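Peer 1:
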Amino acid sequence: MPISKLLATALLTLLVFLPSISLAKDETTDTLPISGLLISIEYEDEEPRKYEPRLKFLIDRAYVEYTELFNGPALKVNGKPYTHLKLKISHGFYGEADPETIELGLSDAKLFGFYNWEMMVLHEVLHFWNAETFRYTDDQEQWFNEGVTEYLTFRLAAKIGIIPEDEVISSFAKPISTYLSAKGIGSISLREAASTDELKRQHYFLVYHGGFVTGMVLDHQIRVNSKGKKNLTDLMREVYASNSRHCPYSQSSLIRSLYKSTSQDHSKFFENYVDGTEIIPVGRYFDIGKLGFSQAFNIEIKDPKQQVLLDMLTFERLETTQGNSEVTSER
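Letter 233 of the sequence shown, counting from 1, is numbered 243 in the working numbering, and no numbers are missing.
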């Protein structure tokens, strides 16, 4: 009889505490060492747990790098800096960011043979700034929200070694090719292509990679016109400083911010290639294929515009053991 009572008590105790035991198994909480953010990770599946050390490293590194990029931290709706991030992780290949929360599907799948879950993480973390700290007036500016975010994602991926050094030029060339072959190119503008959810789905590569190319060409032109003294970072810092969830940006305000931050007028570019349906003549600004050829065969670059492109895509690497990755500093 005493043994039965003891067993019954043990079973009752187990049932009472089972929910808390299950929660501890499904959710982990940690403080990231570089950014100091408190991070909670909730797993819907067991499979993605194997990515946790690398996932924490990437979020920590990305948060610090983007804080430097924008010259300020990600801000909550109330204007206060982030202190806590919530991650919801399952098996798959997708990403979605909301204020202080990221939902991720993680797997070993790759898009175009190189775009993996790590780059997706960098993209979603950047949305804590470009989408959540400051936001667009309407969906017509998704080319900036998604496409320019993607360009900056590629830059950080190259900087911290996700994109190998000898694959940087070819990796940046891929979105240019998918933009130039995208459905609707030349017949619908980047802005109109994202004006509704249905149009955005139909014209995914026009919106995302059209925005990527827009950001890359503007970055190149800002550097050329300023003789290297300015770049796209100056625009992003100005947008961060001038806009918020309560004061969203528009195409006209982006043009003003670009002029204010670089003293350059690119309104005609926006008129033709963002608001208009003209195709961005990438080759008029730079030749990324020729740059790859020059680098592969060690051919001297004599064209100043090509040299600016090389400088844009050159990253000096610094060794680190954090997250089993190399961390680099941009030249």
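Backbone N, C-alpha and C define an ideal beta-carbon position, used for all residues, glycine too.
Since the structure is predicted, the reported quantities are computational estimates derived from the model, not experimental observations.
Taking its Cβ as the centre, do 16 or more other Cβ atoms sit within 10 Å of A34, making it buried, or is it exposed?
Peer 2: As a working note, residue 34 is residue 24 in the sequence shown. With a pLDDT of only 40 at A34, under the threshold of 50, the placement of this residue in the model should not be trusted; the figure read from the coordinates follows. The residue in question, A34, is exposed, as its Cβ has fewer than 16 Cβ neighbours within 10 Å.
Peer 1: For L121, count the other beta carbons within 10 Å of its own beta carbon; 16 or more makes it buried, fewer makes it exposed. Which is it?
Peer 2: The residue labelled residue 121 in the question sits at position 111 within the sequence shown. Classification of L121: exposed, given that the 10 Å Cβ count is below 16.
Peer 1: Please list, in chain order, all residues of the same chain as D40 whose beta carbon is under 6 angstroms from its beta carbon, the five residues on each side excluded.
Peer 2: Within the sequence shown, the letter at position 30 stands for residue 40. Taken in chain order, the residues that qualify are I49.
Peer 1: Can you list, in chain order, the residues of its chain whose CB lies under 7 angstroms from that of M129, leaving out five sequence neighbours each side?
Peer 2: Here residue 129 refers to the residue found at position 119 when the sequence shown is read from its first residue. Closer than 7 angstroms at the Cβ level, and outside the excluded window around M129, lie T163, A167 and I172.
Peer 1: Quick one: what's K96 bridged to in DSSP?
Peer 2: For the purposes of this step, residue 96 is taken as residue 86 along the sequence shown, with counting starting at 1. Paired residues: S50 and T111.
Peer 1: Give the single residue among I112, D148 and I186 whose Cα lies nearest to the Cα of V292.
Peer 2: Your numbering for residue 292 matches position 282 in the sequence shown. Cα-wise, what sits closest to V292 is I186.
Peer 1: Would you list, in sequence order, the uninterrupted alpha helix (DSSP H) runs of no fewer than 4 residues that lie entirely inside the segment 240-268?
Peer 2: Counting only runs of 4 or more, we get 242-252.
Peer 1: So what's P58 in DSSP terms, helix, strand or just coil?
Peer 2: As a position in the sequence shown, residue 58 is number 48, starting the count at 1. In the structure shown, P58 sits in a helix (DSSP, three-state: H, G or I).
Peer 1: Straight-line CA distance for E134 to Y146?
Peer 2: To locate residue 134, count along the sequence shown from 1; it is residue 124. To locate residue 146, count along the sequence shown from 1; it is residue 136. Straight-line Cα distance between these residues: approximately 16 angstroms.
Peer 1: Under a Cβ-count criterion, where at least 16 other Cβ atoms within 10 Å of its own Cβ denotes burial, should R201 be classed as buried or exposed?
Peer 2: Residue numbering aside, residue 201 sits at position 191 when the sequence shown is read from its first letter. Answer is buried; the Cβ neighbour count reaches 16.
Peer 1: Which stretch, first to last residue, makes up the beta strand (DSSP E) that contains D38?
Peer 2: Reading the sequence shown from its first residue, position 28 is the one you call residue 38. The sequence given here places Thr at residue 38; Asp does not occur at that position. T38 -> beta strand (DSSP E) spans E37 to T41.
Peer 1: Out of V223, L228, V217 and L209, which one is the CA nearest neighbour of S181?
Peer 2: Taking the first residue of the sequence shown as 1, we reach residue 181 at position 171. When each option's Cα is compared against that of S181, the closest is V223.
Peer 1: Please report the straight-line C-alpha distance between I311 and F296, rounded to a whole angstrom.
Peer 2: Numbered from 1 along the sequence shown, position 301 holds the residue referred to as residue 311. Numbered from 1 along the sequence shown, position 286 holds the residue referred to as residue 296. Cα-Cα distance, rounded: 12 angstroms.
Peer 1: In whole angstroms, what separates the C-alpha of N81 from that of R247?
Peer 2: By 1-based counting over the sequence shown, the position of residue 81 is 71. By 1-based counting over the sequence shown, the position of residue 247 is 237. Their Cα atoms are separated by approximately 6 angstroms.
Peer 1: State buried or exposed for Y259, treating a residue as buried only when at least 16 other CB atoms are found within 10 Å of its CB.
Peer 2: Stepping through the sequence shown from its first residue, residue 259 is reached at position 249. Flag for Y259 reads buried.
Peer 1: So, helix, strand or coil for H101, using DSSP?
Peer 2: Mapped onto the sequence shown, residue 101 falls at position 91. Residue state, collapsed to three classes: strand.
Peer 1: Answer with buried or exposed for D229, where buried requires no fewer than 16 other C-beta atoms within 10 angstroms of its C-beta.
Peer 2: For the purposes of this step, residue 229 is taken as residue 219 along the sequence shown, with counting starting at 1. D229 is buried by the Cβ-count criterion.
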